[in-house]
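In this note's numbering, the protein residues as written are 1 to 547.
Encoded structure:
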């Protein structure tokens, strides 16, 4: 069974092979197959497709369409969590044990039965792998030593999860909608597990299939991943064993395309069905064209640049404040992000509980110069910025380069693809990094934690939040405020805590938050039910069909 399934995964049908020929020949246009959705999309941020390790926006969209979780967000109302694999759940009187009953007769794409044991294994695996997203589960008190007791199957269809505190239930359930909570096929994963020699860095005798899962697939979602080729394509095929609504199309291909103009041209020529990274001018160009349509959705994704506190100049409080006055927010809003975003300066995106829309900063070169002089840097300094070479990021970096120069700061832009810039950022070897952050789950703690919690600021720190990546030794009162909000069950009081926290963080943090994304897409009018979801992991494609 296993060898046959793996061969099937690797062998593409004639239609997919034809599509891949098109991928390799961007100047050769051909109509996309009737049973296939082809999206032009900048997917150079994908580093791995293992849901126990993946922590990138593009990967989350892929895993959302190919893996199932206990629960998920209701796309029609993101304030609600609905069952996915779970048919129902209950919470103990003390608020610490969550019991989930699975739907009957579930199967993985491999044909293996999906049971509560697979759910428990998926939790154990994520915690013991201890990759970047593991903290989403370990924040509930899970460790490698206790995870098999705290997250366990009590029978084939019952899974219990015990947390360490009586958190607001909405917080716990929202976390379980994150990619890291995806359920993997234990039998398949362990058949591909690599033996390890326990060491001080890694104490287990297996890699839990991680090396294979970087490009392999072991899920149960509406689509199964046939292949991921870095900076080239992700290819998915309909999963006949999916328990829910069956996909309308046989195959989905995410074709890596960085340039907006290239995506627009490919869309106009019928080479792709959807263009996902259109800049304002290209979006305007397709509007009103026969056979093409566009759609948009506000996203809980914010764009920012951050200042590594290992850099002695960037660590000066006056420099941090000056940087926030050296961004031409109005110009960026009117040109670079017109139609694809709106200026936003706080860490919680609009739409989440407690989000603030205050905008305390504007371009003020004179004020910035005063602050630099206070910092002993009257003549400015030289610094670098790592920039993913896609728009609007590159354009924003160039705009900031010009406004910093007005205050005597010389900014060198270092371009790279998503994988390169992310890897450097995560190693804390950047000066300034410009990027985007999408909430891992639709609860204010997702952003509050990553922007305001850093319990171990050493290079070996385990909790690798955005604060840690920028070596920010967060004031204890800020971290404590965010943690306290987790235990507040009154929504209004909880919102007030986050509103106050955002104001304080905006004033002192090494994050310059610029705008909140409005995701846009141009698409062929042949498509039916093509929609963008409210978050990066709710862009579902199983409902899409073609005329």
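Even glycine gets a Cβ: it sits at the ideal position worked out from N, Cα and C.
So is residue 7 buried or exposed if we call it buried at 16+ other beta carbons inside 10 Å? Its pLDDT being 40, under 50, residue 7 is placed unreliably by the model, and nothing is read from it.
What residue from 261, 264, 224, 276 has the CA that sits closest to residue 252's CA? 224
Go to residue 388, then tell me how far its beta strand (DSSP E) extends in each direction, as first and last residue. That run of the beta strand (DSSP E) goes 382 to 388.
Residue interval of the alpha helix (DSSP H) (run including residue 243): Here residue 243 belongs to no alpha helix (DSSP H), and DSSP marks it neither H nor E.
Go ahead and pull the three-state DSSP assignment for residue 426. helix
What span of residues does the alpha helix (DSSP H) with residue 190 cover, start to end? 186 to 191
Can you check whether the C-beta of residue 145 is within less than 8 Å of a C-beta belonging to chain B? The chain inventory of the structure shown lacks chain B, comprising one protein chain alone.
Member of 140, 170, 113 whose CA lies at the smallest distance from the CA of residue 156: 113
Would the region 172 to 180 count as touching the region 134 to 151 if we require 3 or more Cβ pairs under 8 Å? Yes, since at least three Cβ pairs between the region 172 to 180 and the region 134 to 151 fall closer than 8 Å, the two stretches touch.
Quick check on the DSSP output: what are the complete beta strand (DSSP E) runs of length 3 or more inside the region 129 to 202, in order along the chain? 151 to 155, 158 to 162
Whether residue 376 touches residue 408 by CB criterion (8 Å): no
Could you tell me which residues DSSP pairs with residue 433 in its beta bridges? 306, 386
How big is the Cα-Cα spacing for residue 537 and residue 60? 5 Å
What does the alpha-carbon distance come out to for the pair residue 314 and residue 398? 19 Å
Which of the three DSSP states is assigned to residue 349 in this structure? coil
Quick check on DSSP: helix, strand or coil for residue 17? Its pLDDT being 42, under 50, residue 17 is placed unreliably by the model, and the measurement read from it follows with that caveat. Here residue 17 sits in helix by DSSP.
Does the count of Cβ pairs from the region 116 to 135 and the region 168 to 175 closer than 8 Å reach three? no
Just to confirm my understanding: we take residue 119, look at its own chain, exclude 5 residues before and 5 after, and list those with CB closer than 6 Å. What are they? The residues are 159, 183.
Can you list, in chain order, the residues of its chain with a C-beta nearer than 8 Å to that of residue 496? Leave out the 5 residues immediately preceding and following it. Here residue 496 has 354 as same chain residues with Cβ atoms under 8 Å from its own Cβ, once five neighbours each way along the sequence are excluded.
Where residue 411 sits in the DSSP three-state scheme: strand
Bridge partners for residue 256 per DSSP, in chain order? 41
Can you pull the DSSP bridge partners for residue 236? 225, 252
Quick check: the region 274 to 290 against the region 343 to 363, are there 3 or more CB pairs under 8 Å? no
Which of helix, strand or coil DSSP assigns to residue 464: Three-state result, residue 464: coil.
Please report the straight-line C-alpha distance between residue 374 and residue 405, rounded to a whole angstrom. 18 Å
Where residue 143 falls, given that 16 or more other Cβ within 10 Å makes a residue buried: exposed
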